[in-house]
Amino acid sequence: MNAQPLGAAEALVSLIDASVHFGRVPALQEVTLTLRRGDCLVLLGSNGSGKTSLLRVLNGLLPCSSGSIGFGADPASAAPHRAGPLAAMVFQKPFLLRFSVRWNILLGLWLRGVPKAQRRDRCDAALRRVGLLDLAERSATALSGGQQQRLAIARAWALRPDVLFLDEPTASLDPSAKREVEGLIATIAAEGVTVVMSTHNLGQAKRLATRVAYLEAGRLVVDLPVDRFFNDVLPDQATQFLRGELAWP
Amino acid sequence: MSTVADSLGMAITLVMQADGALLQVVGLSLHVSGMACLVGSVVGLCLGAWLAVSRFPGHGVAVWLLNTLLALPSVVVGLLVYLLLSRAGPLGSWGILFTPTAMVIAQSVLVVPLIAALSRRLVMSALQDGGDQLRSLGASPMQAAFLLLLHERMGVLTILLTAFGRAIAEVGAVMIVGGNIDGVTRVMTTTIALETSKGDLPLALALGALLLAVVGAVNLLIGALQSRGGPRTEALA
Amino acid sequence: MAMISSQRRTAFVASYVIALTCSGLLLDQAQARDKFIVMASTTSTEQSGLFAYLLPAFKQASGIDVRVVVLGTGQALDTGRRGDADVVFVHDTAAEEKFVADGFSKKRLPVMYNDFVLVGPASDPAQAAGRNIAAALSKIARSGAAFVSRGDKSGTHAAELRFWKVAGVDLASAKSAGYKDCGCGMGPSLNMGSASNAYVLTDRGTWLNFKNRGELKVLVEGDRTLLNPYGVMVVDAAKHPHVKSALAQTFADWVTSPAGQKVIASYRIGGEQVFFPGAAK
């Protein structure tokens, strides 16, 4: 945390030895991680490895049982979630309200206190970028799986977040929908939004990530830039994971 | 069983004659129970939503109390409201005992626990699906609760229908606070009780059939509204 | 925010329904503006059908609506004590005199009287038929035949207890085998009596209107002690200032006036006179 190399990006969220326990079950164990602006951090790991818990801790949705979390460079400043970076989250199964597509986005903007004058334009802009503008009046629950996920992304994007969290966003989608969603995530990352995403899909990790973290049983085992992650020699567990998964690009 | 057959025939005759007194009684039943559900839903939905998302010491006791009040007999509610509204009681100066307003108050008290308990469960179950997402969008716990009630509006409608059924079918509370005054506070259930006590059992059964028919008509109307949502309105759980 | 049109439709219908429901409230307020008094009376009087005949005549004469709350005599007097009624019209002279003595009314005015009859199964197992109620009751007690009592502090119940006493039967110590205390009104007691072929003491008015007779018929009538006097009492404004004393007094005066007494005497059920004028001349 001390000597930052010149030109290193601003730290958005710093975790030090963060642990999360659900009763006696440890979901995260002593994870130390700093999320920097501009990162596209992909979390890899098998089910139950703690990816979702880590995402939720970084987002402020889940409190740590021990350890510390700081928003901004100083880990001691455990400011409340709202004072930290603006975050939005997309879940594997998008939760949309039983109203129109447009209304779902307007709701997100209203909850964040975006002034009324701007809401309509930002909503339409977001819909246009994900290609759902002509479906704006349709009931959100009548959309296909891929369309719903694109809507969830549009909803998050319209908020102009500093950080976008995604929890296995393409896991339930068919291949063409997967590609569409990946494309959107790449566009968002290219615009400068910091992205944190968990996935099973190694090919996705290779395509999108600037940095990859591997979790096993709640511990952060590896945390490397993407090119080093896929080329260097890794601890055994990680290597086994990669080999096991490599069959599915 | 000939009494039952007689009664069904009588029920149909009553409807066809559309006697003024009968219409007045049916209208008053709908008015009193409808208003009670309106008032009860405002209080009950807020209470249920709040209990679903709030955390405070004694929360468990509050939920236990709510669930226990579900079993409050209507006669007891009637008695409590009567003691409140009686001239000798604290709110006697309002002078509303033996009026339809008193009946609305009594039935509201009756349905609030029902609406609150059911809406609390509805919100809690909906929170499991969407609570995280709404929180991540910046909704406060109460905002999330109300958004989910809007989201599950068909569930809310079903809760209100259940409450309406409970209200319109009860006799203990309205009898005590209304006094069953002919032309003023007589509703379908108190009329049925009266005719039974007079020994006119076929008429009592006929009115009972009529009561069911009225509630059935209300349910049909709600069902029509649901399906008018059309293919746009998704499968209503 | 734009909602889909089916929701607009739902919102419209919902507001329509709410408007309809609320309009009932306006009707309620409108009713409240008419002149009216609240009268506490008994189930037996109401079920005889007298009020449906008498009160419209009063309304025509005075323009005042009488809203009748129908309870047992004990409850009716309690309602008067609490000030929830403006006038009380019951048939239990002893209880009424206590009401006046306690200061809840200035005066009890006698209005009319009807009579009680003893009904029972046509087969008459206790051989109670006749003109003497005390004798009938002691035969019923000795034979252990089924008897349904109201047991509800009503005027009828009070009368029943007086007759048992005269018959020399001490209910407290030895209830006869068939004695059933239902704590209910006249109609439900008759229902129970009809279902279990029991003897029941009832007022003639309720009996004439009662439709579920089964095998029951009138077995004892005509005994002078079976006469049942009614009194009307205006609740004293000194105890309850809000009471509509003037309007209530109008009712009390009318019902004891020659005009009111004539209406009472002319009430018939199946051609039979049920109530007899009894006002002080």
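Protein chains in written order, with our numbering: chain A, 1260 to 1508; chain B, 120 to 356; chain C, 427 to 707. Glycine included, C-beta positions come from ideal geometry on N, C-alpha and C. Please read all numbers here as calculations on a predicted model, not as lab measurements.
Query - Close Cβ partners of residue 1426 of chain A (< 6 Å) along its chain, the five nearest in sequence each way excluded - result: Cβ within range, chain order: 1311, 1314, 1350, 1351 and 1457.
Report task. Provide the residue(s) that pair with residue 1299 of chain A in DSSP beta bridges, ordered along the chain. Result -> DSSP output for residue 1299 of chain A lists A:1454 as bridge partner(s).
Query raised in the report: What alpha helix (DSSP H) runs, 4 residues minimum, are completely inside the stretch 247-280 of chain B?
Result: The stretch 247-280 of chain B contains these whole alpha helix (DSSP H) runs: 260-270.
Query - Three-state secondary structure (DSSP) of residue 232 of chain B - result: In the displayed model, residue 232 of chain B falls within a helix according to three-state DSSP.
**Report entry** Closer than 8 Å to chain A by CB, residue 174 of chain B
**Finding:** No, its Cβ sits nowhere closer than 8 Å to a Cβ of chain A.
Report task. Might you give, ordered along the chain, the residues of its own chain that have their beta carbon closer than 6 Å to the beta carbon of residue 1334 of chain A, omitting 5 neighbours on each side? Result -> Legend: pLDDT at residue 1334 of chain A = 49, less than 50; position of this residue unreliable, no value from coordinates given.
Query raised in the report: Taking C-beta to C-beta, are residue 634 of chain C and residue 593 of chain C nearer than 8 Å?
Result: Their beta carbons are not under 8 Å apart, which means residue 634 of chain C does not touch residue 593 of chain C by this criterion.
Query raised in the report: Ends of the alpha helix (DSSP H) at residue 1474 of chain A?
Result: Taken as a continuous stretch (DSSP letters only), residue 1474 of chain A belongs to no alpha helix (DSSP H), being part of the beta strand (DSSP E) at 1470-1475.
Query raised in the report: Exposed or buried, what is residue 1362 of chain A when buried is set at 16 or more other beta-carbons lying within 10 Å of its beta-carbon?
Result: A residue is called buried when at least 16 other Cβ atoms come within 10 angstroms of its Cβ; residue 1362 of chain A meets this threshold and is buried.
Query raised in the report: Where does residue 1306 of chain A fall in DSSP's three states?
Result: Residue 1306 of chain A: coil per DSSP, three-state reduction.
Requested in this report: Please name the residue, chosen from C:500, C:509 and C:543, that lies closest to residue 584 of chain C on a Cα-to-Cα basis.
Outcome: The alpha carbon of residue 584 of chain C has as its nearest neighbour, out of C:500, C:509 and C:543, the alpha carbon of C:500.
Requested in this report: Take residue 1421 of chain A and list the residues in its own chain whose beta-carbon comes closer than 8 Å to its own, dropping the five residues that flank it on each side.
Outcome: 1271, 1296, 1344, 1345, 1346, 1452 and 1453.
**Report entry** C-beta atoms of residue 242 of chain B and residue 258 of chain B nearer than 8 Å
**Finding:** Contact flag unset, no.
**Report entry** Where the beta strand (DSSP E) through residue 463 of chain C begins and ends
**Finding:** Segment 462-468, the beta strand (DSSP E) holding residue 463 of chain C.
**Report entry** Opposing strand residues paired with residue 657 of chain C [DSSP bridges]
**Finding:** Under the DSSP definition of a beta bridge, residue 657 of chain C partners with C:516 and C:536.
Query raised in the report: In chain order, what residues of the same chain have a beta carbon less than 8 Å from the beta carbon of residue 668 of chain C, not counting five sequence neighbours either side?
Result: Counting only Cβ-Cβ distances below 8 Å, and skipping sequence neighbours, we find 509.
Query raised in the report: Anyone know if the C-beta pair for residue 225 of chain B and residue 158 of chain B falls short of 8 Å?
Result: Taking the C-beta atoms as reference points, residue 158 of chain B is found no nearer than 8 Å to residue 225 of chain B.
Query raised in the report: When the Cα atoms are used, what is the spatial distance from residue 209 of chain B to residue 642 of chain C?
Result: About 48 Å.
Query raised in the report: Any Cβ of chain B within less than 8 Å of the Cβ of residue 1347 of chain A?
Result: Yes, residue 1347 of chain A lies at the interface with chain B (some Cβ there is under 8 Å from its Cβ).
Query raised in the report: Should residue 167 of chain B and residue 215 of chain B be called a contact, given that it needs their Cβ atoms to be closer than 8 Å?
Result: Going by C-beta atoms, residue 167 of chain B is not nearer than 8 Å to residue 215 of chain B.
Report task. Kindly indicate if chain C contains any beta-carbon less than 8 Å away from that of residue 214 of chain B. Result -> At least one chain C Cβ lies under 8 Å of residue 214 of chain B.
Report task. Would you mind working out which of B:306, B:318, B:291 and B:297 sits nearest residue 194 of chain B, comparing C-alpha positions? Result -> The candidate whose alpha carbon is nearest that of residue 194 of chain B is B:291.
Requested in this report: Could you tell me whether the Cβ atoms of residue 543 of chain C and residue 567 of chain C are closer together than 8 Å?
Outcome: No, they are not a contact pair.
Query raised in the report: Of all the CB atoms in chain C, is at least one closer than 8 Å to the CB of residue 217 of chain B?
Result: It does; some Cβ of chain C falls within 8 Å.
Query - Partner residues on chain B for residue 1371 of chain A, Cβ-Cβ distance less than 7 Å - result: Listed along chain B, the residues sitting closer than 7 Å to residue 1371 of chain A by beta-carbon distance are 257.
Query raised in the report: Going along chain C, which residues have a C-beta under 7 Å from residue 279 of chain B?
Result: Chain C residues near residue 279 of chain B: none, gap ~10 Å exceeds 7 Å.
Requested in this report: Could you tell me which of C:503, C:615, C:486 and C:598 sits nearest to residue 464 of chain C, measuring between CA atoms?
Outcome: Nearest Cα to residue 464 of chain C within the set C:503, C:615, C:486 and C:598: C:503.
Query raised in the report: Would you report the Cα separation of residue 530 of chain C and residue 309 of chain B, rounded to the nearest angstrom?
Result: Rounded to the nearest whole angstrom, the CA to CA distance from residue 530 of chain C to residue 309 of chain B is 30 Å.
Query raised in the report: Within 8 Å (strictly less), CB to CB, does residue 296 of chain B reach chain C?
Result: Judged by the 8 Å Cβ criterion, residue 296 of chain B is not in contact with chain C.
**Report entry** residue 1508 of chain A versus residue 169 of chain B: straight-line alpha-carbon distance, rounded
**Finding:** Its pLDDT being 42, under 50, residue 1508 of chain A is placed unreliably in this model, and the value from its coordinates should be taken loosely. Cα atoms of residue 1508 of chain A and residue 169 of chain B: separation of roughly 47 Å, rounded to the nearest angstrom.
Query raised in the report: Helix, strand or coil for residue 700 of chain C per DSSP?
Result: Three-state DSSP puts residue 700 of chain C in coil, outside helix and strand.
Query raised in the report: Can you check whether the CB of residue 1464 of chain A is closer than 8 Å to the CB of residue 1301 of chain A?
Result: The beta carbons of residue 1301 of chain A and residue 1464 of chain A sit closer together than 8 Å.
Query raised in the report: Skipping 5 residues on each side, what residues in its chain have a beta carbon closer than 7 Å to that of residue 298 of chain B?
Result: Counting only Cβ-Cβ distances below 7 Å, and skipping sequence neighbours, we find 217 and 304.
Query raised in the report: Of the choices A:1395, A:1285, A:1304 and A:1280, whose alpha-carbon is the least far from that of residue 1472 of chain A?
Result: Nearest to residue 1472 of chain A by C-alpha distance, out of A:1395, A:1285, A:1304 and A:1280, is A:1304.
Query raised in the report: In the stretch 312-324 of chain B, which residues sit with their C-beta less than 8 Å from some C-beta in chain C, listed in chain order?
Result: Residues passing the 8 Å Cβ filter: 315, 316, 317, 318, 319 and 320.
Query raised in the report: What is the residue span of the beta strand (DSSP E) that residue 477 of chain C lies within?
Result: Premise fails: residue 477 of chain C lies in the alpha helix (DSSP H), 476-488, not in any beta strand (DSSP E).
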